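What follows is a set of notes on a single structure, which appears directly below.
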Amino acid sequence: MRPKEIQEKLGIDADRIKLFKREGIFFPENPPSGNRSTNYTETDCENLRLLVVLTKSGLTCSDIRKLQDGEWTLEEAIVSRKQSIDAEIARKRNSLSLLSELLDDKAEFETFETDRYWNVITKKEAAGEEFIDIEDMYGYRPVSFIRNIQCPHCGEEYEVDLEDYLYDQSSDERENGMGPDIVYSFNSEDNFECPKCGKVIQIEGWIREYPVGAYDSEDINLDEWED
């Protein structure tokens, strides 16, 4: 099958397949060679269907990679992801309840009773409950993704926000009590042009956050884009 055929058959776009390839969880049986594009097989189709089902169930590419490498059983992956989703739902449920309370109280911005609702939140958080916070709504990250890069073509230097090209966030819980080890992966593909010379640059790599809120390390590569 040609790329367009398998995309139409599965109802997914090329970016989804590229993501699976970049994450190392999908390898076509007949990869592109020379000027010839990928010739997808029925086995490829079934593998992609499996990946779509698993990701739509909530599993991340990192979860699936652990399944493929034998590090996790499917049950372990499901339990871990379910705990994450349950925690997210609980936060949203608490925030939804607070919004309903504000509506019932006919709260007004000009006369807002901050102390009253601050105490409601403080009491619930002291009991272990959580609410939607800024990181949930705006993707706030304590580690900055803004970097200065130099165009490999013209040598121009400028600031780039790698948040715009983030495609995956993997997390491994450590046993030392310091929280999860988080790796943010990004790839600009053909979406970044040098503002001076106009040539397409591929910015690809990762930034590691460990412990939570602290910068650890990074690997950022700049290359000429090749489709």
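Residue numbering for the sequence shown follows the working numbering, beginning at 53 and increasing consecutively. The C-beta atom is built at its ideal place from N, Cα and C for all residues, glycine as well. Since this is a predicted model, take the numbers as computed values, not measurements.
Residue i, buried or exposed, once every other Cβ within 10 Å from all chains shown has been counted against 16
i    : result
D115 : buried
A266 : exposed
S152 : exposed
C113 : buried
K243 : It should be pointed out that residue 243 corresponds to Asn in this sequence rather than to Lys. Exposed, by the Cβ-count rule.
P83  : exposed
F72  : buried
S136 : exposed
Nearest-angstrom Cα separation, counted from residue j out to residue i
i    : j    : result
G76  : L155 : 48 Å
I201 : L274 : 8 Å
E57  : S89  : 12 Å
P204 : V172 : 54 Å
T125 : D157 : 48 Å
E128 : D224 : 13 Å
L122 : E209 : According to the sequence as given, residue 122 is Gly; it is not Leu. If you take the alpha carbons of G122 and E209, they lie about 43 Å apart.
K175 : S149 : 14 Å
W165 : A159 : The sequence shown places Glu at residue 165, rather than the Trp named in the question. Computed Cα separation, rounded: 8 Å.
S269 : W170 : 37 Å
S109 : L102 : 11 Å
R54  : A178 : 56 Å
Y262 : D216 : 21 Å
R68  : L62  : 11 Å
L218 : P247 : 20 Å
E276 : E94  : 33 Å
K70  : D167 : 50 Å
Reference residue i; option with closest CA among the options
i    : options                   : result
C206 : T112, I253 and A142       : I253
I184 : A178, R143, D157 and L218 : R143
I198 : Q135, V104, I255 and K73  : I255
R74  : E81, Y92 and D220         : D220
F238 : S136, E60, T163 and S222  : S222
E81  : A66, E261, C246 and L100  : L100
R260 : S196, D96 and W277        : S196
E211 : E245, Y236, K134 and G180 : E245
R145 : I130, E181 and T163       : E181
T107 : C249, K134 and Y92        : K134
D233 : W258, S240, D213 and C249 : W258
D271 : E241, V235 and C249       : V235
Limits of the unbroken beta strand (DSSP E) element including residue i
i    : result
Y236 : P232 to N239
R54  : Neither: R54 is in no beta strand (DSSP E) and is coded neither H nor E.
W170 : That residue, W170, is in no beta strand (DSSP E); its alpha helix (DSSP H) goes T166 to A178.
R199 : I198 to Q202
I272 : Y267 to E276
E256 : I253 to E261
E209 : E209 to D213
Start and end residues, alpha helix (DSSP H) containing residue i
i   : result
L71 : A66 to R74
* Within the region 104–141, note down every full alpha helix (DSSP H) run reaching 4 residues or more, in order along the chain. => 113–120
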